[in-house]
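To keep things clear, I will list the structure first and then write my remarks on it.
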Amino acid sequence: MDTSVLPIIILLPLVLGTCLVSWLKQFSRGATAFGAIGVSISSLALLLTQAKDVFNGQVLIQTWSWLPQLGLDFSFRLDSLGLLFSLLITGIGTLIYIYAYYYLSPKNSLSKLYMMLMLFMAAMLGISLSNNLMLLLVFWELTSISSFLLVGYWSNYEAAQRGSRMALTITGMGGLCMLGAFVLLGQVTGTYQIDQILGMRELIQNHALFVPILLLTLIGAFTKSAQFPFHFWLPNAMAAPTPVSAYLHSATMVKAGIFLLARLLPIFAGAALYHNIVTFVGLFTLCMAAFFAIFKEDLKGLLAYSTISHLGLIVCLLGIGSPLAVAAAIFHIINHATFKAALFMLAGIIDHESGTRDLRKLSGLWQLLPFTATLTMITAASMAGVPLTNGFLSKEMFFTELLRELSGPILIGSAITATLAGIFAVAYSIRLVHGVFFDGPVGKDVPNKNAHEPPFGMRAPATLLAVLCILVGLLPALLIEQIVNSTAQASTQNFAFEGVHIALWHGFNIPLVMSLIALFGGIIFYFSLAKGGRIRSIDLDPALGKFQGRILFDLFLKHLLLQSRKFKRATENGSLQSYLIWIILFSIAVVAVPLTSQGISTGTRELTHAPAIAIVLWMLLFSACWMMLWFHHERIKAVLISGAVGLVVTMVFICFSAPDLALTQITVDVVTTVLLLMSLSLLPQLTPYESSVSRRWRDALIAIGGGAGIAWITWLILTRDHNSISWFFMQQSIPLGGGTNVVNVILVDFRGFDTFGEITVLGIAAIGALCLMDGMRAHGTTITQGLSYRFNPSPLMFRITASWILPLALVVSLYIFLRGHNLPGGGFIAGLITSLALIIQYIALGQDQAERLLHAKSGRLYEIWIGIGLVVAGFTGLGAWFWGRPFLTSAHIYVHPPVIGEMHLASAALFDVGVYITVVGATMLMISVLGDSRHSSMSGPVPKG
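Right under this line is the structure:
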């Protein structure tokens, strides 16, 4: 079997789908829809090619190593459970794409909706196919983000904004809990690979961290699948377009928590705490949400609470955890996806044609929408569990497993609760049909009294799903039994499970009696409530008062915001000095606590006498620091003295035989000094003096305490023996890295990922400077009044000299770069040398002329350089994957060209090229931004006073 299809299934909607939809929108809405539907069908087709083997017990696994030492791999796994969910995601997703084309009006962006749905589909497929917990978590959070965007699609509506924020907050909180659970699972098991973890039940359950792992995982699952007490976000997400609601409620968002419970069931099964919590929460959610659904006036609100209720039924079955209960849960997952997707589509049709989805206004639409009414009756019957529908079969299995697995008073209470939930389900299903299509004259209060059946394409998806509700209800053994049993085996990891026989008739038994009570009890209950229109006047909100989830959530956010503002006012007073004081005091406290408990005496290492050169350097450093303290109010002098401190540090590196560090220090020192000088040109020449003598003494004591603490920690380290891993790098630098310059080999090979992160941060810092300075207008001081902060042209002699410096500097940069793998140098130092040469050109020619010669309009060129550098470095790392090696693994060879002779080539050199380009781009972008008149020019005279 071809395992390479697994990532392709995800990448099709994630990359191809989003890009294709974005491109096709320029042609027509039809082309956009055709592209989205085609991509979805492609993913579905790839899944179907593997369906026969997988449902027969085969498991496909595809893994690419990323950071194997940390257990982080791109690992995908397709078993029956993952395949079932993936088929639901892509199959119903395809129907949603068809439906959305007809539902959304031309004035709304269809491509925007499709791109968001594509992103959401890819995220859900990622959850279903992930074989690594951390990879699953990434896709899990992507579903939260994409659902936030989908719920807030109509962003100009306040309800959409509130609903999307609530959904993101609740599910995001669950995601953080899941992160904690997964990290703990990795610590306990030593791996994040799901297929390995599933076989470690005894190890996990016997570990002291089992309870935190279980509780954190359940919070993540309950928040995503809207279980009590986190259920309230789902009804508040009804401001989303109906296609979004149909997709989220049937096959995707709310099923993610269900999938997580089913996937991790083997490690939790048998633990009493798991069974008690999950069964009770599911059963309570089932009954509570079904009761609330009866009294909802919004058609989608009724369906939202019914979704919560049915999810509770599935959770309850997974809480019972027996193979037969899991099979019933799997069966109901399929059934719920079919009838709930259809019902939301039909609700959208009713709203689309009549102009409202308010049950208080809807009535008598049977004569206007007979075909829609027929489909609604079929799917609502399935939702209510009426015989001859698929919903009836899975509800019967639920009642059976509830009676089989529970006993004593718990059995009695659970049976009564489940029967009540069945009664409520029948009642809200009848209200959905009766209230919309029969209860009153034709369209009495309907805004659009000329409602008619929608186009065939809009009805077709719901029609197909309604037909499936009947076919599965009549022929379950033929259509669905093998899939249910295979998926139950994959979920429970119990391959000795012979399966369940799904049939329409199992004889006259207690579950059938419970179903009949629910059916007739629901009919009686609804019509007794509806008599005289009383049900339309019942409002549960006043009875619940402040105990509604939405109100409690708003109160929590309100108090959180108020306390945050109080804390902000107490800490953020606009004083940089105050911030530094708190940072230093906190650092002293954090370091002092462990040091006092570990002992702070001098170590036993033999001390050596300080050489004369060290004493000289100490005196120079002390003098420079004292001058810094003396002149710190004069900003320009302080910057120049800080440069002198950097020169002394450079000399220290040279004395300790660290030429790489010395080269880096001197180049960084010069570039930093230039940047500081340019920045200070925007500020007054002097800093304010301290307000009082007591404040000076306070600052002095804090500074002495911080400095003494750093000095003492340094002394403790230097006087103690320690184990170093430097021997490893010294021994492996040539055989593994192909270079004799150990420092450079570490940077571009052994710790290449760190370096890649550092240049990324450097690029972000430069772009951040550009964003911060954008539109800024700074007034000059009396010294610079009337002058532009852009560099002015220098004297002729300097310009001529600078014209010679640039090519020489570029040659030196090339030399430093090429020797870096074996001698002091490398891409970072070479990039700084090139930046210095370009800075000299700026000073000599003026920024305008220099940027014209470089074709760098206001730093645009340097932004491109940053991007190119990061891409070159990143793709160098990705290249290792083609040889089955971890990201950024270096390779080196020796070649013998005819004239040159032997040459040593290393892929790390290409990575170093990316470092070089990024460093030059980031440095010059910051220089350009600080000198750009658009960002920092002085306009007009300086205000007096």
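Take the UniProt record's numbering: the final residue in the sequence shown is number 945, and no numbers are missing along the way.
Positions of the beta carbon are idealized from the N, C-alpha and C atoms, including for glycine.
Computed from a predicted model, the values in this text were never measured in an experiment.
For residue i and residue j, I'd like the C-alpha separation in whole angstroms.
i            : j    : result
F497         : L504 : 22 Å
A518         : E396 : 11 Å
S164         : G190 : 37 Å
G385         : F875 : 55 Å
residue 953  : S144 : Since the first residue of the chain shown is 1 and the last is 945, residue 953 is not available in this structure.
L113         : T18  : 10 Å
S363         : A462 : 21 Å
I378         : S65  : 49 Å
I583         : L620 : 29 Å
G706         : I725 : 30 Å
G355         : V21  : 29 Å
S28          : G35  : 11 Å
L818         : A909 : 8 Å
I713         : S601 : 10 Å
L265         : G319 : 9 Å
residue 1000 : I213 : There is no way to answer for residue 1000, as the model of the chain reaches only from 1 to 945.
H821         : V668 : 20 Å
Going by C-alpha to C-alpha distance, which of the options sits closest to residue i?
i    : options                   : result
I194 : D53, W804 and R263        : R263
T169 : H609, N108, W233 and L87  : W233
M118 : Q205, V871 and L16        : L16
F631 : S144, L184 and Q685       : Q685
A325 : M773, T356, L403 and G364 : L403
I258 : T242, A240 and T307       : T307
S835 : H855, T760 and I927       : I927
G884 : L67, S42 and Q577         : L67
L629 : I8, V648, I704 and I581   : I704
N509 : R550, T252, F399 and L617 : F399
G301 : T672, H231, G408 and A809 : H231
L216 : F268, S40, P235 and S733  : F268
G457 : G30, H609, M627 and K52   : G30
T604 : L218, V674 and W715       : W715
L6   : S130, K25, T90 and R360   : S130
In three-state terms, what does DSSP make of residue i?
i           : result
E634        : strand
residue 946 : Within the shown structure, residues of the chain are numbered from 1 to 945, placing residue 946 beyond reach of any answer.
D53         : helix
I702        : helix
S75         : strand
A906        : strand
L686        : strand
N494        : coil
D554        : helix
D721        : coil
I480        : coil
I10         : helix
G17         : helix
H892        : strand
S130        : strand
Can you name the start and end residues of the alpha helix (DSSP H) that residue i belongs to?
i    : result
S65  : Unbroken run through S65 is the beta strand (DSSP E), L60 to L67; no alpha helix (DSSP H).
A880 : No alpha helix (DSSP H) contains A880, which DSSP labels as neither H nor E.
G820 : Taken as a continuous stretch (DSSP letters only), G820 belongs to no alpha helix (DSSP H), as it is neither H nor E.
T467 : It is Val, not Thr, that sits at residue 467 in the sequence shown. Residues F456 to L474.
H452 : No alpha helix (DSSP H) holds H452; DSSP gives it neither H nor E.
P659 : P659 to L680
W154 : That residue, W154, is in no alpha helix (DSSP H); it is neither H nor E in DSSP.
I502 : Per DSSP, I502 belongs to no alpha helix (DSSP H) and is neither H nor E.
R360 : It is not in any alpha helix (DSSP H) - R360 carries neither H nor E in the DSSP assignment.
S602 : For clarity, residue 602 is Thr in the given sequence; the question names Ser instead. Unbroken run through T602: none, as it is neither H nor E.
V254 : Looking at the DSSP string, V254 is not in any alpha helix (DSSP H), and its letter there is neither H nor E.
T374 : P370 to A384
At least one CB of chain D closer than 9 Å to the CB of residue i: is that the case?
i   : result
D73 : This model lacks chain D altogether; it includes just one protein chain.
Assess, as a yes-or-no matter, whether the segment 279-291 is touched by the segment 418-427 under the definition of 3 or more beta carbon pairs within less than 8 Å. yes
Quick test of the definition: if touching needs 3 or more C-beta pairs under 8 Å, does the segment 241-250 touch the segment 328-348? yes
Report yes or no: do three or more beta-carbon pairs, one from the segment 77-91 and one from the segment 485-500, lie closer than 8 Å? yes
Three or more C-beta pairs under 8 Å: does that hold for the segment 719-739 against the segment 880-892? yes
Tell me, please, whether the segment 330-346 touches the segment 461-472 by the rule of three or more beta-carbon pairs shorter than 8 Å. Taking one beta carbon from each stretch, the segment 330-346 and the segment 461-472 have 3 or more pairs nearer than 8 Å; the two touch.
Could you tell me whether the segment 840-857 touches the segment 753-768, using the rule of 3 or more Cβ pairs below 8 Å? Contact check between the segment 840-857 and the segment 753-768: fewer than three CB pairs, one atom from each, fall below 8 Å, which does not count as touching.
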